[in-house]
Structures are given as structure tokens and as C-alpha cells.
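The structure under discussion appears below in the form of C-alpha cells.
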Amino acid sequence: MKLRCWGTRGSIPVSLTAPDVRAKIVRALQGAAGIDLADPAAIETYVDALGFDVAGTFGGHSACLQIETGGREHVVLDLGTGVRALGQQMLARFGPQVPQTYHVFLSHLHWDHIMGLPFFTPVYIAGNRIVVHSCHPHAEFALRRQQAEPSFPVRFEQFSADFEFRTATPGVPFDVDGTRVVAHPQRHAGDSYGWRFERAGKSLVYSTDSEHRLEDEDERAGFIAFFDRADAVVFDAMYSLADAISVKADWGHSSNIVGVELCQAARARRLVMFHHEPAYSDSQIAQILEETRRFEQITREDGHVLEVLSAWDGLELSL
1 MKLRCWGTRG SIPVSLTAPD VRAKIVRALQ GAAGIDLADP AAIETYVDAL
51 GFDVAGTFGG HSACLQIETG GREHVVLDLG TGVRALGQQM LARFGPQVPQ
101 TYHVFLSHLH WDHIMGLPFF TPVYIAGNRI VVHSCHPHAE FALRRQQAEP
151 SFPVRFEQFS ADFEFRTATP GVPFDVDGTR VVAHPQRHAG DSYGWRFERA
201 GKSLVYSTDS EHRLEDEDER AGFIAFFDRA DAVVFDAMYS LADAISVKAD
251 WGHSSNIVGV ELCQAARARR LVMFHHEPAY SDSQIAQILE ETRRFEQITR
301 EDGHVLEVLS AWDGLELSL
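Here the numbering used here is used: the first residue of the sequence shown is 1, the next is one more, and so on.
In C-alpha cells form, the structure reads like this:
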């Protein structure tokens with residue numbers, strides 16, 4: 001099982017600005033004293049040693065992940081703007097002549113999680129099959145409304161692929177191309193649902209747009225069971241703990257600290273922090289990652305090590 005990240009920002013897509021790029025160049029040059037800039041190999045070595053927040057970027061597309069399960073059909077998590085690049089890769093890989101099946105699992109129906117649909121090239125190819133899984137009975141209505149005038153010039157009826165909408169029941173497992181899937185309810189405006197995928201002894205949990213009430217023991221126990229020994233938990237860590245329980249309480253998101261605590265209790269292997277605050281710079285996200293790793297180390301119990309990562313557009317993770 002492999003996870004590919006195509007969009008990892010929360011709420012709204014963002015992009016690097018010219019001042020952002022300039023700041024990265026300045027930081028890189030400040031550390032280049034003594035480097036032989038006439039030597040291409042020395043330059044490559046220096047750049048490879050730079051922090052990811054300087055030499056790269058966490059990206060700015062809204063939520064879209066892909067799971068390669070080992071089956072013949074494709075698994076897509078949410079339809080944020082990252083799905084455009086996924087569609088381009090699928091077209092380059094399979095071409096337009098070989099029909100493909102895409103199973104799309106929606107966490108919820110807010111714009112940042114569905115706005116990439118009309119830019120997903122496979123929906124315009126006849127013979128392709130798009131199976132939309134959600135726990136929202138009105139998912140089809142939401143996607144059709146997004147395409148209606150005056151919001152978009154291409155109507156839903158103009159898509160050439162065949163669409164099928166399936167409504168899942170939280171807590172009731174079902175099979176998708178040999179992968180066991182189960183949904184879990186989450187606290188978020190308009191309702192949100194996490195998804196757990198299991199195949200060949202590997203498991204991945206996708207839990208975004210979910211707020212956690214620390215005092216709700218039943219809710220906490222439910223999430224610990226949902227995350228139980230997962231190889232990776234993709235977790236909404238949009239806010240700091242202080243913000244999540246104070247000024248941004250009831251906004252429907254969580255924090256890095258809560259993610260660590262739940263994953264430690266569930267003895268998960270990896271925490272993948274996701275749905276990054278759009279106002280955060282690459283440096284801020286990198287700092288949060290460093291602080292989260294320190295927190296995991298000092299709260300570690302029974303020798304269980306939780307690997308902590310921050311998702312970025314382009315990240316590939318083999319489970």
C-alpha cells in the first residue's frame with residue numbers, strides 16, 4: 001500500500017509569492033559561505049542538505065490524496081485542487097483509450113474538498129467510471145450544484161465518464177476492489193467522516209476536518225479504536241492546541257498535539273499532519289513539525305515510537 005499526496009492545504013489553495021521565493025534564496029545563500037559555487041557537485045550536495053522549508057515547499061493545493069492499494073482500481077481521497085495533477089498523471093500513465101475506475105472517498109462536501117472535480121481530466125473521458133463514496137446522502141446534489149450556472153461553465157451532465165454515488169454507513173465495513181473500508185463520524189460543521197483502509201495486513205486512516213473535544217471520553221475512545229495500530233494516520237493538524245481549544249474552538253479542526261496523543265494511545269506507526277493552515281509559511285510548518293517530533297519524544301511510553309511527518313504536495317509514503 002502506498003500513499004501519494006496531491007493536495008495538503010486546508011480551507012483554500014495558496015501559492016508561493018515572489019517575496020516567499022526571494023526569502024528562500026536569501027536563506028540559501030546565507031549558508032553558502034565556503035561552498036565552491038563553480039563545482040556543480042558541491043552545489044548539489046549543499047542544496048540536498050538544506051532544510052525542506054528552504055529547498056522545497058509543502059505546497060498549496062487543497063485536499064487530495066491517492067492510495068495505491070495493489071488493486072486494479074484507483075482510490076482517491078477528496079477532490080480538492082490537488083486532483084488536477086493526479087488526473088494529469090493518470091492520463092499520462094494510462095492514456096485516454098483504456099477505461100479506468102476511480103473510487104473517490106469524500107470526507108465532507110465543503111468547497112475546498114470538492115472544487116477540483118471539473119479539473120480532473122478523467123471525468124471528460126468516456127468509458128471511465130467514477131464511484132463517489134460518502135456518508136452524505138446529498139453528495140450528488142452538492143457536486144451537481146457546483147457545476148451549475150453561474151458557478152461554472154461546464155455542467156455536470158457534460159462529463160463523459162459514468163458516475164455512481166454510494167452512501168456508506170459509519171461503522172459498517174465494505175469491500176472496494178479487495179480493500180476493506182470503514183467510515184467514522186467526525187465533529188465538523190455539516191458533518192465529516194474519516195475513512196480507514198485495510199489490505200494485505202496494512203492499514204491507513206484518513207481523518208481530516210475533525211475537531212476533538214478533550215473532555216469527551218467516549219469520542220476519544222472511538223477514535224483510538226478507529227486509529228488502532230494503523231500504519232499511517234493522516235490527521236487534521238491545522239491549528240495549535242491553544243487555538244484549537246480557545247479562539248478557534250468549534251471551527252471543526254484539530255492540532256498536532258491531539259494528533260500525537262491519539263496516535264500514541266492507538267499505537268499507530270505514523271502520524272501524517274495534514275490540512276495545513278493556509279496562512280502558514282513553509283518555515284512555520286517546518287517549525288511545527290520539529291516541535292511535534294520533540295513532543296512525541298518526551299511523551300513516548302513503553303518504547304513505542306510514533307513517526308511524525310508533515311504532508312506535502314508530492315509526498316509518497318510506502319506502508
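Beta carbons: idealized from backbone N, C-alpha and C, even for Gly.
Residues near residue i by beta carbon distance below 7 Å, same chain, minus five either side
| i | result |
| --- | --- |
| V46 | Per the sequence shown, the amino acid found at residue 46 is Tyr instead of Val. Result list for Y46: A32 and I35, in chain order. |
| R155 | Q147 and A148 |
| I224 | L262, A265 and A266 |
| F227 | V205, V233, L262, C263, A266 and A268 |
C-alpha gap between residue i and residue j, whole angstroms
| i | j | result |
| --- | --- | --- |
| P13 | E316 | 20 Å |
| Y19 | D53 | Inspection of the sequence shows that residue 19 is occupied by Pro rather than by Tyr. For P19 and D53, the distance between alpha carbons rounds to 14 Å. |
| Q89 | Y239 | 32 Å |
| P173 | R213 | 26 Å |
| L204 | E140 | 26 Å |
| L50 | F163 | 45 Å |
| P153 | P99 | 25 Å |
| R293 | V26 | 27 Å |
| G314 | L3 | 10 Å |
| R180 | R229 | 15 Å |
| R72 | D177 | 7 Å |
| R187 | E217 | 14 Å |
| A311 | H74 | 20 Å |
| E290 | M273 | 12 Å |
| T69 | L77 | 13 Å |
Other residues of its chain near residue i: CB distance less than 6 Å, five sequence neighbours each side excluded
| i | result |
| --- | --- |
| G87 | F120, T121 and P122 |
| S11 | D112 and P278 |
| G82 | W6, G7, H61 and C64 |
| V182 | P173 and R196 |
| L79 | I114, G116 and L117 |
Residue burial classification, residue i (beta-carbon count within 10 angstroms, cutoff 16)
| i | result |
| --- | --- |
| G303 | exposed |
| L65 | buried |
| A285 | The sequence shown places Ile at residue 285, rather than the Ala named in the question. Answer is buried; the Cβ neighbour count reaches 16. |
| S160 | exposed |
| R84 | buried |
| A244 | Note that A244 scores a pLDDT of 47, beneath 50, so its modelled location is shaky and nothing firm can be said. |
| P118 | buried |
| S318 | exposed |
| A266 | buried |
| V233 | buried |
| D175 | exposed |
| L29 | exposed |
| S15 | exposed |
| D48 | exposed |
Neighbourhood of residue i by C-beta distance below 8 Å, restricted to the same chain and skipping five residues each side
| i | result |
| --- | --- |
| P137 | T167 |
Residue i CB to nearest heavy atom of the ligand COA below 8 Å
| i | result |
| --- | --- |
| S134 | Absence of the ligand COA from the depicted structure is noted, as is the absence of any ligand whatsoever, leaving it without description. |
message = Would you call the region 51-58 in contact with the region 34-42, where contact means no fewer than 3 C-beta pairs closer than 8 Å?
response = No, because fewer than three Cβ pairs between the region 51-58 and the region 34-42 fall closer than 8 Å, the two stretches do not touch.
inquiry  = I'd like to know if the region 184-195 and the region 161-176 are in contact, where contact means that at least 3 CB-CB pairs between them fall below 8 Å.
reply    = Yes: the two stretches touch, three or more of their Cβ pairs being nearer than 8 Å.
ask   = Considering only residues of the region 11-98, which uninterrupted beta strand (DSSP E) runs meet the minimum length of 3 residues and lie entirely inside it, listed in chain order?
value = Assignment of beta strand (DSSP E) within the region 11-98, counting only whole runs of 3 or more residues, yields 64-68 and 74-77 in chain order.
ask   = Considering only residues of the region 112-138, which uninterrupted beta strand (DSSP E) runs meet the minimum length of 3 residues and lie entirely inside it, listed in chain order?
value = Those beta strand (DSSP E) runs which fall completely within the region 112-138 and span 3+ residues are 129-134.
task = Specify whether the region 290-303 and the region 258-277 touch according to this definition: at least 3 beta carbon pairs, one from each stretch, less than 8 Å apart.
result = Proximity of the region 290-303 to the region 258-277 meets the contact definition, three or more beta-carbon pairs being nearer than 8 Å.
ask   = Does the region 208-217 come close enough to the region 99-112 to have 3 or more Cβ pairs within less than 8 Å?
value = Counting Cβ pairs under 8 Å, three or more are found: they touch.
ask   = Along the chain, which unbroken stretches of the alpha helix (DSSP H) at least 4 residues long are found entirely within the region 287-317?
value = Those alpha helix (DSSP H) runs which fall completely within the region 287-317 and span 4+ residues do not exist here.
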